[in-house]
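K.L.:
Structure provided below as structure tokens; questions to follow.
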């Protein structure tokens with residue numbers, strides 16, 4: 005083995021043994037970059053410097069106080085520009101041209117928002133947590149109805165943004181009553197049982213709110229490990245509970261706020277536009293910009309099963325005797341049913357572990373999960389609040405394992421970088437912007453609006469997962485060494501032969517073509533393409549290849565590049581000679597970026 009190859013890529017921080025307060029301030033730029041990789045869509049020079057000044061707590065407090073950057077107002081703005089006169093096809097055009105992807109990118113990258121006079125979104129942590137929540141509380145345009153309803157999906161994502169630092173109980177109710185979820189999991193217009201009409205309450209949402217959004221399939225200890233009885237996991241619920249929740253979720257429909265409702269035998273048929281009695285707002289899916297897609301669903305008591313008791317979750321300390329809910333009105337039953345779920349002991353470890361996986365590491369230790377679950381159960385304030393997501397996010401990011409786990413558990417620590425997060429990281433690190441510096445109408449962000457769709461190319465795009473189970477499952481274990489070791493790797497589920505190649509191809513195009521001084525690649529002159537600023541790095545690369553590698557090691561790999569990898573890259577750049585390139589510095593930038601972004605070391609976030 006060569007001396008270079010023998011150098012380990014594992015961290016060597018012999019003095020990190022608890023003497024420093026890991027939750028205080030980053031002790032190096034690399035520590036700051038690593039924190040920002042977990043807490044944002046990618047580190048930048050400015051954000052690293054700022055974090056080192058204000059410290060972890062200061063940065064978190066700033067982020068918690070930042071105003072939420074939303075999507076629906078951007079769609080309204082685009083509609084006004086492209087459809088100043090009512091046009092029934094405008095909402096379809098808005099979705100097909102990727103308007104939601106534009107505003108997602110503006111908010112995720114922190115780029116000027118033309119709908120707000122060029123204001124720059126600064127709520128990186130909120131946007132990052134909302135993206136994580138969107139992979140747990142899944143709705144998607146894979147649903148045929150939602151595919152043509154951009155306002156419904158934008159409103160749903162905005163709800164996740166608004167609730168990212170709120171209370172889990174409020175989030176659970178907002179998710180349950182949002183019409184996008186109602187359509188996606190078929191709880192909207194769900195009716196009570198009627199044997200004569202062969203109507204049975206839909207069980208879809210009743211299953212998924214338990215299995216995916218709250219408690220999971222098996223009872224858990226506080227540390228996330230399964231409870232066992234006779235060596236076997238204990239189920240959290242059974243079919244009787246599914247039927248009970250399905251009956252609870254009967255009687256909800258689109259919101260009729262601001263319109264006059266037409267009834268027949270007590271059943272609302274349609275909601276009339278108050279300005280035009282011949283125009284119906286909700287006889288079913290309707291115009292995307294209409295308010296019922298953005299307002300919480302409302303109860304329709306005649307559809308609700310208010311005569312029978314419902315079996316819900318039964319667990320130690322449950323408020324309802326035996327977990328049985330007595331009959332009542334739709335909202336009253338919904339409140340008690342969601343409380344029944346919220347107070348189940350599984351929720352803290354189940355939701356806490358998934359947020360850890362999305363932000364920090366795929367295989368957190370049981371002790372890490374337990375510490376986060378304890379904060380979920382009691383935020384430590386004088387009010388002893390349960391479900392405080394702000395406290396949970398803080399606990400996840402400042403936990404000793406988040407800050408030092410890559411030193412303590414280096415063999416099993418980390419996560420495969422999500423494909424979309426690879427793109428946002430490089431765009432943020434190299435200050436990607438459209439040629440005009442923003443994304444005004446007819447000058448649109450197109451790097452996310454590709455054909456084939458981004459989700460087909462890399463396996464991922466916001467609110468576009470193929471099923472309610474997200475792009476990947478939290479317990480997915482790749483076959484081979486990881487599975488044999490009892491480890492999971494959720495993101496590996498979309499690392500296929502196809503996406504491995506197509507993502508590498510997309511990264512090639514982004515690196516070699518989409519930069520500010522490129523004149524050769526097809527489509528780069530499109531005014532909506534995101535172009536990276538590589539000029540300053542090209543100056544560094546021409547005279548100091550090692551300095552360029554060190555810069556990208558910091559911004560992209562948080563200083564964790566192995567000596568072997570660094571030596572290989574520096575050697576390669578030094579072999580590139582001025583006579584062979586029109587712009588040696590730029591050529592070295594391209595070579596360095598592409599080799600790093602497609603490398604195994606970079607692909608694992610540590």
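Residue numbers (our numbering): 5 to 610. Heads up, the beta-carbon is just placed ideally off N, CA and C, and yes, glycines get one too.
Quick one: using the 10 Å Cβ neighbour count with 16 as the cut-off for buried, is residue 429 buried or exposed?
P.N.:
Answer is buried; the Cβ neighbour count reaches 16.
K.L.:
Alpha helix (DSSP H) containing residue 203: first to last residue?
P.N.:
Careful: residue 203 lies outside any alpha helix (DSSP H) and carries neither H nor E.
K.L.:
By DSSP, does residue 196 sit in helix, in strand, or in coil?
P.N.:
Coil at residue 196, not helix or strand.
K.L.:
I'd like to check one pair, residue 467 with residue 138: are the Cβ atoms closer than 8 Å?
P.N.:
It is a contact, given that the beta carbons lie within the stated cut-off.
K.L.:
Beta-carbon within less than 7 Å of residue 186's beta-carbon, same chain only, minus the 5 sequence neighbours each way: which residues are those?
P.N.:
Only 192, 256, 301 meet the Cβ criterion.
K.L.:
Among the residues of its own chain, which have a CB less than 7 Å from the CB of residue 298, if the five just before and after it don't count?
P.N.:
Only 76, 155, 159 meet the Cβ criterion.
K.L.:
List the DSSP bridge partners of residue 596.
P.N.:
None, per the DSSP bridge assignment.
K.L.:
For residue 328, does the count of other Cβ atoms within 10 angstroms reach 16, so buried, or fall short, so exposed?
P.N.:
Result: exposed.
K.L.:
For residue 328, which of helix, strand or coil comes out of DSSP?
P.N.:
Three-state DSSP puts residue 328 in a strand.
K.L.:
Tell me residue 314's beta-bridge partners as DSSP assigns them.
P.N.:
The partner list for residue 314 (beta bridge, DSSP) reads 329.
K.L.:
How about residue 57 and residue 66: do their beta carbons lie closer than 8 Å?
P.N.:
Not a contact, by the Cβ cut-off of 8 Å.
K.L.:
Is the beta carbon of residue 176 sitting closer than 8 Å to the one on residue 345?
P.N.:
The answer is yes: Cβ separation under 8 Å.
K.L.:
For the pair the stretch 430-440 and the stretch 113-132, tell me if three or more CB-CB distances fall below 8 Å.
P.N.:
Yes, they touch.
K.L.:
Hey, could you find the ends of the alpha helix (DSSP H) residue 565 is sitting in?
P.N.:
Taken as a continuous stretch (DSSP letters only), residue 565 belongs to no alpha helix (DSSP H), as it is neither H nor E.
K.L.:
Find the nearest neighbour of residue 208 within the set 571, 418, 472, judged by alpha-carbon distance.
P.N.:
If we check each option's Cα against that of residue 208, 472 comes out closest.
K.L.:
Is it right to say residue 584 is buried, meaning 16 or more other beta carbons lie within 10 angstroms of its own, or is it exposed?
P.N.:
Exposed, since its Cβ has fewer than 16 Cβ neighbours within 10 Å.
K.L.:
Quick one: what's got a C-beta closer than 6 Å to residue 81's C-beta in the same chain, skipping five residues either side?
P.N.:
If we look at residue 81 and ignore the five residues flanking it on each side, its Cβ neighbours are 119.
K.L.:
May I ask which residues mark the beginning and end of the alpha helix (DSSP H) holding residue 428?
P.N.:
That run of the alpha helix (DSSP H) goes 423-433.
K.L.:
For residue 132, report the span of its alpha helix (DSSP H) as first-last.
P.N.:
Unbroken alpha helix (DSSP H) run through residue 132: 128-138.
K.L.:
Hey, would you say residue 308 sits closer than 8 Å to residue 181, going by beta carbons?
P.N.:
No, Cβ-Cβ distance for residue 308 and residue 181 is not below 8 Å.
K.L.:
Hey, how far is the Cα of residue 135 from the Cα of residue 248?
P.N.:
Taking the straight line from one Cα to the other gives about 31 Å.
K.L.:
Using the C-alpha atoms, what's the distance from residue 64 back to residue 46?
P.N.:
Their backbone Cα atoms lie some 15 Å apart in a straight line.
K.L.:
Pull up the DSSP beta-bridge partners for residue 608, would you.
P.N.:
In DSSP, residue 608 forms a bridge with 420.
K.L.:
Report buried or exposed for residue 519, applying the criterion of at least 16 other Cβ atoms within 10 angstroms of its Cβ.
P.N.:
When all chains shown are included, residue 519 counts as buried.
K.L.:
Just mark residue 212 as buried or exposed, buried being the case when its beta carbon has 16 or more other beta carbons within 10 Å.
P.N.:
Buried: at least 16 other Cβ atoms inside 10 Å.
K.L.:
Measure from the alpha carbon of residue 533 to the alpha carbon of each residue in 355, 544, 521, then state which is nearest.
P.N.:
Considering only alpha carbons, the answer is 521.
K.L.:
Out of curiosity, what's the CA-to-CA distance linking residue 364 and residue 190?
P.N.:
Between residue 364 and residue 190, the C-alpha separation is close to 33 Å.
K.L.:
Could you check how far apart the C-beta atoms of residue 366 and residue 494 are, in whole angstroms? I think they sit under 8 Å.
P.N.:
So it is a contact: roughly 6 Å between Cβ atoms.
K.L.:
Could you please give the first and the last residue of the uninterrupted alpha helix (DSSP H) stretch that includes residue 60?
P.N.:
Element bounds for residue 60: 49-69.
K.L.:
Is DSSP giving residue 410 helix, strand or coil here?
P.N.:
Correct three-state label for residue 410: helix.
K.L.:
Would you say residue 227 and residue 358 are within 8 Å of each other, going by their C-beta atoms?
P.N.:
No.
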